[in-house]
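Using the numbering used here, the first residue of the sequence shown is number 124, and each one after it goes up by one. Ideal Cβ positions, reconstructed from N, Cα and C, are used throughout, including at glycine. Following: one structure in structure tokens, then a few remarks.
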Amino acid sequence: MKVKKAMTSDVKCCTPFDTIQEAARLMRVHDVGAIPVVKEKDSRELAGIITDRDITCRATSTGKAPDSVLVEKVMTQKPVVCHPEDTLEQAALLMQKHRVRRLPVVDESGELVGIIVQGDIARNLNAQQVARTVARISTPWRARPATRAAA
Numbered sequence: 124m125k126v127k128k129a130m131t132s133d134v135k136c137c138t139p140f141d142t143i144q145e146a147a148r149l150m151r152v153h154d155v156g157a158i159p160v161v162k163e164k165d166s167r168e169l170a171g172i173i174t175d176r177d178i179t180c181r182a183t184s185t186g187k188a189p190d191s192v193l194v195e196k197v198m199t200q201k202p203v204v205c206h207p208e209d210t211l212e213q214a215a216l217l218m219q220k221h222r223v224r225r226l227p228v229v230d231e232s233g234e235l236v237g238i239i240v241q242g243d244i245a246r247n248l249n250a251q252q253v254a255r256t257v258a259r260i261s262t263p264w265r266a267r268p269a270t271r272a273a274a
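What follows is the structure in structure tokens.
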């Protein structure tokens, strides 16, 4: 199955210049955990993605007021993306490799056309593929071992 058949195409977006409070409001209203970030309100050119975790860990937990922090300060720039003609298996492999639960879907010019999420994978691939994807995404990144200074 192609990504375009399983993705959400009516994607709510914010801009880098919105506050994280506005991004969080959009997440609550639309019951999602991430919002793609487009360069401008009238544009669909992808600038990044902001997640509920970005808001919590990069701003709120440090005591920053949600109405004073711009999305650009906490969003992920240059997120991993896929394309409408990619297969769901390709999208799942990208999720596994980069340990992400959501992939913005962009066309050949970089315009946002949708989003594919872990739940879309779970509903459309076989149980073994889903299990592998969930397990890999859920595996924490391992810290690099400390290198010893030459004595």
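Close CB contacts of P189 within its chain, under the 6 Å cut and outside five residues either way in sequence, are with I143 and Q144 (chain order). A Cβ-Cβ contact shorter than 7 Å links P207 with V236.
Per DSSP, A250 is one residue of the alpha helix (DSSP H) stretching across A250 to S261.
Per DSSP, G171 is one residue of the beta strand (DSSP E) stretching across L169 to T174.
A146 is not a Cβ neighbour of C136, given a cutoff of 7 Å. Separation of L211 and A182 (C-alpha to C-alpha, rounded to the nearest whole angstrom) is 33 Å. Under the DSSP assignment, A188 falls outside any alpha helix (DSSP H); it carries neither an H nor an E label. G156 sits in coil when the DSSP states are folded into three classes, being neither helix nor strand. Annotated three-state conformation of K125 is strand, per DSSP. Between the segment 242 to 260 and the segment 164 to 181 there are fewer than three inter-stretch CB-CB distances shorter than 8 Å, so the stretches are not counted as touching. By a beta-carbon distance limit of 8 Å, M130 contacts I239. Their separation comes to about 5 Å. Contact between G171 and Q213 does not hold, since the beta-carbon distance rounds to 22 Å and is not under 8 Å. Beta-bridge partners of G237 (DSSP): V228.
For the pair V126 and D209, the Cα-to-Cα distance works out to about 6 Å. Each residue's CA atom was taken as its position, placing V223 and D165 some 27 Å apart. Going by C-alpha positions, Q219 is about 6 Å away from T256.
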